[in-house]
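Just below is one structure, and these are the notes that go with it.
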Amino acid sequence: MDLRFTEAQEILRKMARDFLATECPKTLVRELEQSDKGYSPELWKKMAELGWMGLVIPEEYEGMGYTFQDLTVLLEEAGRNILPGPLISTVISTFPILEAGTEEQKKEFLPKIARGELIITTALLEADGTFNASGIAAKATPKGDEFVINGTKLFVEMAHVANYIICVTRTKDVSSPEKGITLFLVDSKTHGIRCEVIPTIAADKQCEVRFENVAVPKKNMLGKLDEGWPIMEMMLRKGAIAKCAESIGAMQTCVEMTVAYSKERIQYDRPIGAFQALQHIMADMWTAMETSRYLVYEVAWMESEGQPCAKEASLAKAYVNEVYKNVSKWAIRLHGGIATSYDHDIPLYYRRSKAADTAFGDTDFHRELVAQEIGLI
Amino acid sequence: MDFELTEEQKAHRKEFFEVCKELEKKRPPSYVGFEAVFEIDECWEFHLYCAKEFVKRGWLALAWPPEYGGNGTMMDRVLFAEARGYHGIPGVDIFGVQMLAPTLLQAASDAIKKEFLPPIAQGKVMWCELWSEPNAGSDLATLAATAIKKGDEYVINGQKTWNTGAHRADWGFGVFKTDPAARKHHNLSFLLLDMKTPGITVRPIPYMDGGTPFCEVYFDDVHVPAKNIVGQENEGWAVVNLLAGFERSGMTEIMAMFRELEELVKYCNETKRNGQPLAKDPLIRNRVAQLACELQAARAIAYRIADLQNRNEMALMDASAAKIFYSELGERFAFLTTDIAGPYGQVKTSRWAPMHGAGEKAFQECFVTTISMGTNEIQRNIIAWYGLGLPRMK
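Those protein sequences? They're chains E and V, same order as listed. Under this note's numbering, the letters of the first sequence match residues 33 to 409, in that order. Under this note's numbering, the letters of the second sequence match residues 124 to 517, in that order.
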């Protein structure tokens, strides 16, 4: 057991941190929130040059061949800085192709993703708002060489700029909702797709995507017919861990900024950080952040090693969801009034704490998975 | 980053768990809650029995230098703690083995080490701590009990309190004022005392549930050899701080909670209310899952501390954070368990007691660890002042 990061990981971390500090300052973050696109194609290109989208894509497909743990090091820095855009949605949506795609699909999609030429996202949620398969009503009906998709997906991250959308559809109605689910790689330019950005708290461009008689070639089925749900479970698991990595980076910024501010801000002739009530809150913020970090590092390591970790991933996501929201909230409170302003940096994190909570499974979804994993009948 | 144990560590862990699993079969049913060792005679006997079993394997001297009988590594201590916590096994004297021994190894003279370490390693001497006083709890430095030098002895007068297991202990380590005229923090000495010395009176304090884990200790002209000192005369405060800084990752307490979680899940699956198993109640599922998450987080930071210590690095901030976290988690655990049990949450004994009465016991015991070993409020101060660099107010 040695919980230090490798030298290569420390280099990756430093490089990412420096790059983002320069290339993605908070002025850009706010600009992107206000923009229609929600990401910067110029920045995306530079990230592609660094190999970020293809970090865990094998070298044979033009990726960097790094590990999942390496990815979480990168994402921690993305969270620390805030990096608007489709990095997580693309990277996480790559896993279904990597793990369930045919060789032909891998050859077609992976190199383009690694080069930054393809933005992809996954359309899972529907009106019900549940992450369970029971919420999937969007239908894919076979028609000759194609499947025709009808339905409406919600909260699809960056769908409006995505080149491909992995659509989670129902292809068979059976008593068990997890059976009869099929994934399709849908070209976003296909006739019948309509995308509209839902205004969400983090302005992260989660979209409503309507599929009206959208024809998808059979060869774009990802995985086997009716057997797509396990692929989704895998994607949700990796996405949950990835989102946790981003969140622990974000929390570190919240804690650091709060401690620093409390040493500068003078009231009653002394720094407000001298008051015990605030000191104790900051100690609790630090404790919550530190427990989160090692919880996430462990599950990232397990995932990286290919160890089964569905339970640990849900334990982590359910925990970190709540901690990030609370730590960022206390960061605002300890800054006082100024941190309620749009121009302050802490609210950028606080608003994202809610987005992080709902990405790849919210707390109640993951707590139910935990309940099952620990043996509650 | 690597969470994997080495083959050797895995083998040791397996052995720790196997031995503790066997010992669990011999544990008396009256052993409920972590203070049972001090409260109940047969539990104290079981504690001594387990100590003997551990001594056979050298497990009371893990990571000590070989010249004092040491073997194994710091990681072994953590793995051993996991096994004891999970199986609910005593046998390791918290005071002698976990607190005093590392302190002696770092701060005591060779003579003291040679005299006092072997009996600890051999489980022959059980210890208690003589620190707190009625007017000196968190502000320990203002303690009043004196130890006045007379020739080659100290004469001790005063009173200590909250001395866990003092009525069972053979020896005690305590801090006393050896120079009443000197300034604060440079007037105290760290002494080792035979609890059978004439003039020492131990009075158990009745705990709220009627048990007696804690005691008051009165000193009336108690003569002790002056040579039984750790560190310099009047510089005992440094020794106190040294001891307090030693590892309290809480792995034992955390693994005990993992075990209790298993018992709670079993209880929820087997107990019906409103026509269905408790496990089917969505609110119970959610709350128990939340606890499981927090328990996993506690374990994560314990491993962080174990990892740092394995490289002989200090883990002060993490140690304080871990202590706050696992002790307050214990409170939430006790509250949730007794909530779920409904009216049965009130019962510790008789056929109506759920989960061996562990819930009721925990409900009455849970804040002990938030208060002892540095209150959680003090721990928060430590994180704030020494970890985050926040200014201390005068």
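Virtual Cβ for every residue (Gly too), placed ideally from N, Cα, C. Nothing here was measured: the structure is a model prediction, and the numbers come from that model.
Could you work out which residues of chain V lie near W362 of chain E, taking near to mean beta carbons separated by less than 8 Å?
Position 330 of the first sequence, counted from the first residue, corresponds to residue 362 of chain E. Within 8 Å Cβ-Cβ: nothing; W362 of chain E doesn't reach chain V, min ~14 Å.
DSSP puts G185 of chain V in a beta bridge; with which residues?
Taking the first residue of the second sequence as 1, we reach residue 185 of chain V at position 62. The sequence given here has Leu at residue 185 of chain V, not Gly. According to DSSP, L185 of chain V bridges with V:N194.
In whole angstroms, what is the alpha-carbon distance linking E335 of chain E and K185 of chain E?
Within the first sequence, residue 335 of chain E is the residue found at index 303, counting from 1. Within the first sequence, residue 185 of chain E is the residue found at index 153, counting from 1. Between E335 of chain E and K185 of chain E, the C-alpha separation is close to 28 Å.
Taking 8 Å as the cut-off, decide whether the C-beta atoms of L223 of chain V and F169 of chain V are in contact.
Looking up residue 223 of chain V in the second sequence gives position 100. Looking up residue 169 of chain V in the second sequence gives position 46. For L223 of chain V and F169 of chain V, no; Cβs fall outside 8 Å.
Could you give the C-beta distance for K349 of chain E and S385 of chain E, rounded to a whole number, given that I count them as a contact under 8 Å?
Position 317 of the first sequence holds residue 349 of chain E. Position 353 of the first sequence holds residue 385 of chain E. That pair is no contact at about 13 Å.
Determine the direct distance from the alpha carbon of I129 of chain E to that of Q137 of chain E, and round the result to whole angstroms.
Position 105 of the first sequence, counted from the first residue, corresponds to residue 137 of chain E. Position 97 of the first sequence, counted from the first residue, corresponds to residue 129 of chain E. If you take the alpha carbons of Q137 of chain E and I129 of chain E, they lie about 7 Å apart.
Check each candidate in V:D343, V:H308, V:K395 and V:V155 and name the one with the smallest Cα separation from V362 of chain V.
Translated into positions along the second sequence, residue 362 of chain V becomes position 239. When each option's Cα is compared against that of V362 of chain V, the closest is V:H308.
Buried or exposed (CB count within 10 angstroms, at least 16 for buried), E278 of chain E
Position 246 of the first sequence, counted from the first residue, corresponds to residue 278 of chain E. With 16 or more Cβ atoms within 10 Å of its Cβ, E278 of chain E is classed as buried.
Note down, in chain order, every chain V residue with its Cβ under 8 Å from the Cβ of K295 of chain E.
In the first sequence, counting from the first residue as 1, residue 295 of chain E sits at position 263. Residues of chain V passing the Cβ test: G512, L513 and P514.
Decide if A110 of chain E is buried, meaning its Cβ has at least 16 other Cβ atoms within 10 Å, or exposed.
Residue 110 of chain E sits at position 78 when you count from the first residue of the first sequence. With 16 or more other Cβ atoms within 10 Å, it is buried.
T214 of chain E by DSSP, collapsed to three states: which one?
As a position in the first sequence, residue 214 of chain E is number 182, starting the count at 1. Strand at T214 of chain E.
Does the segment 54-63 of chain E come close enough to the segment 86-100 of chain E to have 3 or more Cβ pairs within less than 8 Å?
no
Pick from V:F313, V:P348, V:R207 and V:Y330 that is closest to G354 of chain V, judged by C-alpha positions
Numbered from its first residue, the second sequence carries residue 354 of chain V at position 231. Closest by alpha carbon: V:F313.
Are the beta-carbon atoms belonging to L106 of chain E and L87 of chain E less than 8 Å from one another?
The residue you call residue 106 of chain E lines up with position 74 of the first sequence. The residue you call residue 87 of chain E lines up with position 55 of the first sequence. Yes, the Cβ-Cβ distance between L106 of chain E and L87 of chain E is below 8 Å.
Could you check the C-alpha separation between F448 of chain V and R427 of chain V for me, to the nearest Å?
Within the second sequence, numbered from 1, the residue matching residue 448 of chain V stands at position 325. Within the second sequence, numbered from 1, the residue matching residue 427 of chain V stands at position 304. For F448 of chain V and R427 of chain V, the distance between alpha carbons rounds to 14 Å.
Determine, using beta-carbon pairs with one atom in the segment 489-500 of chain V and one in the segment 453-460 of chain V, whether at least three such pairs fall under 8 Å.
yes
State the CB to CB distance for the pair L366 of chain E and T290 of chain E, rounded to an integer number of angstroms; the pair is presumed to be in contact (CB under 8 Å).
For this step, residue 366 of chain E is matched to residue 334 along the first sequence. For this step, residue 290 of chain E is matched to residue 258 along the first sequence. Right, their Cβ atoms sit about 5 Å apart.
Which bits of chain V does R202 of chain E rub up against, with CB to CB less than 8 Å?
Position 170 of the first sequence, counting from 1, holds the residue named residue 202 of chain E. Per Cβ cutoff of 8 Å: no residues; R202 of chain E is ~25 Å from chain V at best.
Is there a Cβ from chain E that is less than 8 Å from the Cβ of F490 of chain V?
Stepping through the second sequence from its first residue, residue 490 of chain V is reached at position 367. No - not a single Cβ of chain E is within 8 Å of the one on F490 of chain V.
Rounded to whole angstroms, what's the CA-CA distance from V248 of chain V to T104 of chain E? Just pull it up for me.
Residue 248 of chain V sits at position 125 when you count from the first residue of the second sequence. Residue 104 of chain E sits at position 72 when you count from the first residue of the first sequence. Those two C-alpha atoms are separated by around 50 Å.
Can you find the residues in the same chain that come closer than 6 Å, C-beta to C-beta, to G156 of chain V, ignoring five residues on each side of it along the sequence?
Position 33 of the second sequence holds residue 156 of chain V. The residues are K484 and E488.
Could I get the ranges of all uninterrupted beta strand (DSSP E) runs contained in the segment 439-502 of chain V, with 3 residues as the minimum, in chain order?
none
Could you check where the alpha helix (DSSP H) with E339 of chain V kicks off and where it finishes?
Taking the second sequence and counting its residues from 1, the one referred to as residue 339 of chain V is at position 216. Note, E339 of chain V: premise wrong, no alpha helix (DSSP H); beta strand (DSSP E) at F337 to P348.
Can you pull the chain E residues whose beta carbon is under 7 Å from the beta carbon of R427 of chain V, in chain order?
One-based indexing of the second sequence puts residue 427 of chain V at position 304. Ordered by position in chain E, the residues that pass the 7 Å Cβ test against R427 of chain V are L35 and Y326.
Considering only residues of the same chain and omitting the five flanking positions on each side of E147 of chain V, which have a CB-CB separation below 7 Å?
Locating residue 147 of chain V in the second sequence gives position 24, where the first residue counts as 1. The residues are H210, G211 and I212.
For W318 of chain E, go through chain V and note every residue whose CB falls closer than 8 Å to its CB, in chain order.
Taking the first sequence and counting its residues from 1, one reaches residue 318 of chain E at position 286. Here the neighbours are M440, A444, I506, G510 and L511.
Rounded to a whole number of angstroms, what is the C-alpha to C-alpha distance between K139 of chain E and L401 of chain E?
Translated into the one-based positions of the first sequence, residue 139 of chain E becomes position 107. Translated into the one-based positions of the first sequence, residue 401 of chain E becomes position 369. So the alpha carbons of these two residues sit roughly 34 Å apart.
Interface residues of chain E around M198 of chain V at Cβ under 8 Å?
Indexing the second sequence from 1 puts residue 198 of chain V at position 75. Going along chain E in sequence order, the residues near M198 of chain V (Cβ under 8 Å) are M33.
Distance check for R383 of chain E and G510 of chain V, CA to CA, integer angstroms please.
Numbered from its first residue, the second sequence carries residue 510 of chain V at position 387. Numbered from its first residue, the first sequence carries residue 383 of chain E at position 351. If I take the Cα positions, the gap works out to 28 Å.
Check A134 of chain V in the structure and name its three-state DSSP category.
Counting from one through the second sequence, the residue named residue 134 of chain V turns up at place 11. Looking at A134 of chain V - three-state DSSP - the assignment turns out to be helix.
With K237 of chain E and E189 of chain E assumed to form a contact (beta carbons below 8 Å), what rounded beta-carbon distance in angstroms separates them?
Along the first sequence, read from residue 1 onward, the residue named residue 237 of chain E stands at position 205. Along the first sequence, read from residue 1 onward, the residue named residue 189 of chain E stands at position 157. Yes, they are in contact, since the Cβ atoms of K237 of chain E and E189 of chain E sit about 7 Å apart, within 8 Å.
Applying the criterion that 16 or more other CB atoms from any shown protein chain within 10 Å of the CB defines a buried residue, is S125 of chain E buried or exposed?
In the first sequence, the residue the question calls residue 125 of chain E occupies position 93. By the neighbour-count rule (16 or more Cβ atoms within 10 Å), S125 of chain E is buried.
Report yes or no: is there a C-beta of chain V within less than 8 Å of the C-beta of P340 of chain E?
Your numbering for residue 340 of chain E matches position 308 in the first sequence. Closer than 8 Å: no.
State the DSSP-derived secondary structure class of I243 of chain V, mapped to helix, strand or coil.
As a working mapping, residue 243 of chain V is identified with position 120 in the second sequence. Helix.
My assumption, with CB atoms under 8 Å, is that P151 of chain V sits in contact with C166 of chain V. Please give the rounded CB distance.
The residue labelled residue 151 of chain V in the question sits at position 28 within the second sequence. The residue labelled residue 166 of chain V in the question sits at position 43 within the second sequence. With 8 Å as the limit, P151 of chain V and C166 of chain V qualify as a contact, their Cβ atoms being about 6 Å apart.
Would I463 of chain V count as contacting chain E if we go by Cβ distances under 8 Å?
As a first step, residue 463 of chain V is located in the second sequence; it is residue number 340 there, counting from the start. False, the Cβ-Cβ gap to chain E never drops below 8 Å.
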